[in-house]
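Below is one structure; the comments refer to it alone.
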Amino acid sequence: MEPLSIAVLGLSLCLCAACVLMFRQRKRIRQLEEQSARYHHLHRMAYTDFLTGLSNRAAYGEALCHLSPEDGPMCCVILDVDHLKRINDQSGHRAGDLALRQVADTLRKAFPEEEHTLFRIGGDEFALALRLTPAETQSRIAAFQAHLREDCDDLSVSVGHTVLGEPGAETAQAAFDLADQRMYQNKK
182 MEPLSIAVLG LSLCLCAACV LMFRQRKRIR QLEEQSARYH HLHRMAYTDF
232 LTGLSNRAAY GEALCHLSPE DGPMCCVILD VDHLKRINDQ SGHRAGDLAL
282 RQVADTLRKA FPEEEHTLFR IGGDEFALAL RLTPAETQSR IAAFQAHLRE
332 DCDDLSVSVG HTVLGEPGAE TAQAAFDLAD QRMYQNKK
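Residue numbering for the sequence shown follows the numbering used here, starting at 182 and increasing by one per position.
Structure representation (structure tokens):
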């Protein structure tokens, strides 16, 4: 075999090997992209409330682990939909589900920048972790309640809030517990 033929044959083999490696690499990249998409889908399912589309109690639990008074002002808010049981009993659970979705949609409108800190934590309870001052929080909650009355005339919510770091609310869990107590006081 002549040296030129050997060189061409060697170059052809190198090109074939490079094509095989590129094909395998593309296949591996595609597998990693699919795996990543599955992970993100499962993560979304695990941390999102299927009814409202808000973050769920699991996400709320994760968020509590990362909240600290040293990070700046943080208002912790608990909302409870008033008379949801009556809505379910009189109009059916489909109407109750609609009411919960309406509350969630109104929360999103009132707190668009904070959507990732809005949680549905139980049947008719919602929690908000807001990087706002107490005055801003009260103002935005009042606006939320006004929008809720306008958009959904039969719906109302009881609200309790506290500031992370105030006496009795030194930790995120304590702050939300205190906000929960205040919400029940306001409900009476």
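No residue lacks a Cβ here, since even glycine has one placed at the ideal position from N, Cα and C.
Run through DSSP, which three-state label would residue i get?
i	result
ASP261	strand
PHE231	coil
ARG321	helix
GLY346	coil
LEU336	coil
PHE292	coil
GLU183	coil
ASP305	coil
Is it buried or exposed, residue i, if we count other Cβ atoms within 10 angstroms and call 16 or more buried?
i	result
ALA255	Checking the sequence shown, residue 255 turns out to be Met, not Ala. Counting Cβ neighbours within 10 Å, MET255 comes out buried, since at least 16 surround it.
LEU299	buried
ARG301	buried
MET226	exposed
ILE210	exposed
ASP361	buried
PHE325	buried
GLY341	buried
SER186	exposed
Please determine, among the options, the residue with the shortest C-alpha to C-alpha distance to residue i.
i	options	result
PHE307	GLY242, PRO348, LEU223	GLY242
THR343	LEU311, ALA327, ARG330, SER337	LEU311
LEU245	LEU309, ARG321, ASP334	LEU309
GLY234	LEU336, LEU281, ARG205, ALA291	LEU281
GLU317	LEU248, VAL258, GLN354	VAL258
THR352	GLN216, SER193, ASP252	ASP252
VAL284	ASP263, ARG267, GLU294, PRO315	ASP263
LEU265	ASN367, SER337, LEU192	SER337
LEU329	ARG205, TYR228, LEU260, GLU294	LEU260
ALA239	GLY277, GLY303, CYS333, GLN212	GLY303
HIS274	PHE292, LEU232, GLU295	LEU232
ALA350	ALA323, SER249, ARG289, THR287	SER249
Report the partner residues of residue i according to the DSSP bridge assignment.
i	result
ALA310	CYS257
GLY341	ILE259
ARG275	Answer is none; ARG275 lacks a bridge partner.
SER236	THR229, PHE300
Does any CB atom of chain C fall closer than 7 Å to the CB of residue i?
i	result
TYR365	As a matter of chain content, chain C is missing from the structure shown, which is built from one protein chain.
Assuming residue i is part of the alpha helix (DSSP H), what are its boundary residues?
i	result
LEU359	353-368
LEU248	Where LEU248 is concerned, there is no enclosing alpha helix (DSSP H), given that its DSSP letter is neither H nor E.
Hey, could you find the ends of the beta strand (DSSP E) residue i is sitting in?
i	result
PHE300	299-301
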